Amino acid sequence: MSRFQDLPKAYDASSVEDAIYASWEMSNAFNPDKLPGTRPDPYCIVMPPPNRTGTLHVGHAVMLAIEDLMIRFQRMRGKKALWIPGTDHAAIATQVKVEQLLREQGMKDPKKELGREKFLEKVISFAEESAATIRNQVRKMGSSCDWTREKYTLDAERNRAVVEMFRRMHEDGLIERGDRIVNWDPQSKTVVSDDEIVWIDEKAPFYTFKYGPFEIGTSRPETKFGDKYVVMHPEDPRYASFEQGQKIELEWINGPITATVVKDSVIDREFGTGVMTITPWHDNVDYELAERHALDREQIIDLEGRLLPIAGEFAGLPILEARKKVVEKLKQKGLLVNVDENYAHRIATSQRGGGLIEPQILRQWFVRVTKPFALRQDTLGKWKKGDQVTLKELMRHAVESGQTKIVPERFTKIYYHWIDNLRDWCISRQIWFGHRIPVWYREPGTGNGEPGTGNREPGTGNEEPEIRVSDVSPGAGWDQDPDTLDTWFSSGLWTFSTLGWPDEKEWNKNRAYHPTAVLETGYDILFFWIARMVLMSAYALGEVPFRDAYLHGLIRDEQGRKMSKSLGNVIDPLDVIPKYGTDAVRLSLVMGTTPGQDVRLSEAKIEGFRNFTNKLWNISRFILMQIGEPGTGNREPKTLADRWILSRLDEVAASVTSKIEKYEFSSAGEELRDYTWGYLADWYLEIAKVEKGKDAILAHLLRHVLILWHPFMPFVTEHIWKTAGFDGQLIVASWSQVRAQHAAPVQEFEVLRQLVTDMRRLRADQGVEAAKQVEIALVASSDVKKLVEENMEVVKHLARAASVAFVGAVAFGWATTVSGSATIGLNVAGSVDIVKEKDKAQKEIDATRKYVESLNVQLANGEFTSKAPASVISGMKLKLSEAEMKLKTLEEKVKRLG
RNA sequence: GGACGCUUAGCUCAGUUGGUUAGAGCGUCUCGUUUACACCGAGAAGGUCGUAGGUUCGAGUCCUACAGCGUCCACCA
Numbered sequence: 077m078s079r080f081q082d083l084p085k086a087y088d089a090s091s092v093e094d095a096i097y098a099s100w101e102m103s104n105a106f107n108p109d110k111l112p113g114t115r116p117d118p119y120c121i122v123m124p125p126p127n128r129t130g131t132l133h134v135g136h137a138v139m140l141a142i143e144d145l146m147i148r149f150q151r152m153r154g155k156k157a158l159w160i161p162g163t164d165h166a167a168i169a170t171q172v173k174v175e176q177l178l179r180e181q182g183m184k185d186p187k188k189e190l191g192r193e194k195f196l197e198k199v200i201s202f203a204e205e206s207a208a209t210i211r212n213q214v215r216k217m218g219s220s221c222d223w224t225r226e227k228y229t230l231d232a233e234r235n236r237a238v239v240e241m242f243r244r245m246h247e248d249g250l251i252e253r254g255d256r257i258v259n260w261d262p263q264s265k266t267v268v269s270d271d272e273i274v275w276i277d278e279k280a281p282f283y284t285f286k287y288g289p290f291e292i293g294t295s296r297p298e299t300k301f302g303d304k305y306v307v308m309h310p311e312d313p314r315y316a317s318f319e320q321g322q323k324i325e326l327e328w329i330n331g332p333i334t335a336t337v338v339k340d341s342v343i344d345r346e347f348g349t350g351v352m353t354i355t356p357w358h359d360n361v362d363y364e365l366a367e368r369h370a371l372d373r374e375q376i377i378d379l380e381g382r383l384l385p386i387a388g389e390f391a392g393l394p395i396l397e398a399r400k401k402v403v404e405k406l407k408q409k410g411l412l413v414n415v416d417e418n419y420a421h422r423i424a425t426s427q428r429g430g431g432l433i434e435p436q437i438l439r440q441w442f443v444r445v446t447k448p449f450a451l452r453q454d455t456l457g458k459w460k461k462g463d464q465v466t467l468k469e470l471m472r473h474a475v476e477s478g479q480t481k482i483v484p485e486r487f488t489k490i491y492y493h494w495i496d497n498l499r500d501w502c503i504s505r506q507i508w509f510g511h512r513i514p515v516w517y518r519e520p521g522t523g524n525g526e527p528g529t530g531n532r533e534p535g536t537g538n539e540e541p542e543i544r545v546s547d548v549s550p551g552a553g554w555d556q557d558p559d560t561l562d563t564w565f566s567s568g569l570w571t572f573s574t575l576g577w578p579d580e581k582e583w584n585k586n587r588a589y590h591p592t593a594v595l596e597t598g599y600d601i602l603f604f605w606i607a608r609m610v611l612m613s614a615y616a617l618g619e620v621p622f623r624d625a626y627l628h629g630l631i632r633d634e635q636g637r638k639m640s641k642s643l644g645n646v647i648d649p650l651d652v653i654p655k656y657g658t659d660a661v662r663l664s665l666v667m668g669t670t671p672g673q674d675v676r677l678s679e680a681k682i683e684g685f686r687n688f689t690n691k692l693w694n695i696s697r698f699i700l701m702q703i704g705e706p707g708t709g710n711r712e713p714k715t716l717a718d719r720w721i722l723s724r725l726d727e728v729a730a731s732v733t734s735k736i737e738k739y740e741f742s743s744a745g746e747e748l749r750d751y752t753w754g755y756l757a758d759w760y761l762e763i764a765k766v767e768k769g770k771d772a773i774l775a776h777l778l779r780h781v782l783i784l785w786h787p788f789m790p791f792v793t794e795h796i797w798k799t800a801g802f803d804g805q806l807i808v809a810s811w812s813q814v815r816a817q818h819a820a821p822v823q824e825f826e827v828l829r830q831l832v833t834d835m836r837r838l839r840a841d842q843g844v845e846a847a848k849q850v851e852i853a854l855v856a857s858s859d860v861k862k863l864v865e866e867n868m869e870v871v872k873h874l875a876r877a878a879s880v881a882f883v884g885a886v887a888f889g890w891a892t893t894v895s896g897s898a899t900i901g902l903n904v905a906g907s908v909d910i911v912k913e914k915d916k917a918q919k920e921i922d923a924t925r926k927y928v929e930s931l932n933v934q935l936a937n938g939e940f941t942s943k944a945p946a947s948v949i950s951g952m953k954l955k956l957s958e959a960e961m962k963l964k965t966l967e968e969k970v971k972r973l974g
């Protein structure tokens, strides 16, 4: 009686997973410095840090499943595999979340009521709680990341990196303070970047007003107070009589004004009347136009979203209220021409803050992406130290040169497009939570003040106050800038700040891990993050941040909708883990997916993979019960089936390895499942019930199936490994063992397999009697007689009831023949791979030969030499030689197959 | 307005450079408790590969146009 007799019939994931994870962690298996063996090749993945805004969602689960798969694979292959975990402070997102929570607790204006210090304490403690939850959830997913190196985008060392980067970029003139038009969120009272804007389609009234001799259209009448320029296309014949710079007196909202004619080709002659007035302070297009023509600009709306005194009687009104009243007044004055109630346009809202974006001209800090600067080191193998380049050029070249490869490739085009349209990056934010801008001002009052108050509005003069870049105060009388940095500024450094940069000692220790191997993340943050990491890394280190950027798709529900709380269709990975096990959840997120393609997830899918984990458990249980103890006896193949299953194992191992290397995880998993379930369980284990003495081979198969599956399903495989009593821990087992033996493929077994399958089908289709007839024919056919004789027991077992016929046939000494049936037997054998291969090759040869002949005829006829241009002839010749080469290889193939 | 993706079995999806009779999982139907597993086994049915052209000896795969769905980007006030 083996000690395995009493193993439970079903695998219960929830009862073993936590202990297994703890044992990995305790044994330092996640720490590359403590791994067994000499590991010269470093392999590093830096985890995209989840935001400390609460809990993980299913998108994080995909990320963890894929990254863990890659890191486990590389670890088993003997790489010095490091996966650095971490979390992101997510500045605005976290602050907004905490504000919201405090409001729910009854505070009206948490920031005002608490003040900077107290409020920050609240945010920090919330962030800490989130981090604790996240750590726990990351562990639940089975992530084999090195917790001893956990990092946080806002910890002290990362702050050093941020300050150092800011200092360098400021020195190089890449970070500048300036008065520019930015996206202002009046609700959260902060600037947000172009990428943090969500556009919402809306229908709004579109008004046409009389403006002197013109008619102008607008959906925002409340901004029109300062409009004293009227713009038209220089080549518009309708307005040819007006000249650039011409002054026109006209009646407007608050009385008569003088308007100046401006001609500019940005104007769309087709739109409306082909004339518009401009509001440079509150519109991006108008701002640029005003810059081009050096026009005056005036602020109309304050940072609270109310009209300023320029609006006269409307001063102090909020935007929407003012709009109605302005329209009413213009109507009364007889200046309203027309209202289109169904005008469709988009409005900008803040992704995080939720407010309606109001462009404003404000004094902010920017990273200049198009300004040339002198490189501090040789960079990307193209530029030398001291060369003049722009950040844009660096970002482009990193991908163009192939130093960073984006998977799937089609996203590279989108990446380039984004870079080409990139404007200077506004990095200052008027929020409290984040890396404080390391700038100090000498002049009292220039830096001091609360976010969102008037102090950061553009200066009146051109003189900049004296400033210092430092993380500590330069002394008395210096005030630090109250703003914080865009969260992506610190995220951009993530691949190397996590490795210790700029601390020389730490960085030198970890230098070999950079560039990291792969950055795995959802395609939705390609721009936010990937491009910025490339920028920072290329600028500071002269190298790319990662060799590959693997982009996974977004997870959707069964109907293809985005998962969202409001729809109630969210599958929380941590809810389903207790029910189906982590391995099943992981598989459901990896299988049936391709990079960049969205994935539909359903509980049914997870259940399917739960069934598979259980199948693997039972395969193992059966093997263990059969063999008693997994020894290391002689595992030389003895029978046909042995050679077959072992050679298949080697093939599958090689194929799975190459597929994982190419990021074809789903395909690799399918092939493995096919082997495990379709070959090993359905065939070989059945045969093992009849053919005895396979203990060593079975142990070998089990061992290697576990190894191959481990990156996909770490828990169940490790659990079986331990249960079986294999040496050490599976997590650090060596992947390469699998290729130890490489038998030649065994076609004969395929013949046998096909034969049994055909008999089963016949029996199901036409009944036992018909099947008997065919069997008799089979054994009579010389092609298969020997094969069947040699494997009599196996065939009987596999074919079950039908094998009655074999018994009969044996009794007749194989002598019975049924007229005409020999053909059937041959057909069965003929459907086997070896014959198929030959047929296929032969058909291809025939087709190609025919084609080549027809080409030769055409050439011989001189059709091409006399009439056709040279390019056609060379094209034909090329095709001819291609076809001939193909023919040659095919002929060789047929020869090889015999 | 531009770009990209998707359209293949009832459902969810594979299909690498063009090459037999287009695959998998789930679901459906029929059978089945045999030394692991019913979270199982055996078998079956089910596809004009979105539409229309084109290139080719040969097209799910390449080209063109169109349709539907989806995503991203964009300064039509």
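Residue 974 is where the first sequence ends in the working numbering, and the numbering goes up by one at each step.
For glycine and all other residues, C-beta sits at the position ideal for the given N, C-alpha and C.
Computed from a predicted structure; not experimentally measured.
Exposed unless 16 or more other CB atoms sit within 10 angstroms - verdict on residue i
| i | result |
| --- | --- |
| N867 | buried |
| R234 | buried |
| N414 | exposed |
| L663 | buried |
| G113 | exposed |
| T131 | exposed |
| A89 | buried |
| W759 | buried |
| Q322 | exposed |
| W554 | buried |
Cβ pair residue i, residue j closer than 9 Å
| i | j | result |
| --- | --- | --- |
| R686 | A717 | no |
| Y589 | C221 | no |
| I703 | L761 | no |
| S477 | L456 | yes |
| W441 | I273 | no |
| W357 | E380 | no |
| D624 | T480 | yes |
| T294 | Y283 | yes |
| I773 | I721 | yes |
As assigned by DSSP and simplified to three states, the class of residue i
| i | result |
| --- | --- |
| T708 | coil |
| D82 | coil |
| F788 | coil |
| N414 | strand |
| Y739 | coil |
| P313 | helix |
| T560 | strand |
| K481 | strand |
| S90 | helix |
| D164 | strand |
Bounding residues of the beta strand (DSSP E) (the contiguous stretch that carries residue i)
| i | result |
| --- | --- |
| G623 | A small correction: the amino acid at residue 623 is Arg; Gly does not occupy that position in the sequence shown. Unbroken beta strand (DSSP E) run through R623: F622 to H628. |
| I807 | It is not in any beta strand (DSSP E) - I807 carries neither H nor E in the DSSP assignment. |
| Q702 | Counting along the chain, Q702 falls outside any beta strand (DSSP E), though it belongs to the alpha helix (DSSP H) covering E679 to I703. |
| L595 | T592 to G598 |
Residues that DSSP places opposite residue i in a beta bridge
| i | result |
| --- | --- |
| N360 | According to DSSP, which records beta bridges pairwise, N360 is partnered with nothing at all. |
| T266 | D261 |
| M308 | K339 and V351 |
| R724 | The partner list for R724 (beta bridge, DSSP) is empty, contrary to what the question assumes. |
| E291 | K286 |
Residue interval of the alpha helix (DSSP H) (run including residue i)
| i | result |
| --- | --- |
| E205 | P186 to K216 |
| Y517 | Note, Y517: premise wrong, no alpha helix (DSSP H); beta strand (DSSP E) at V515 to Y517. |
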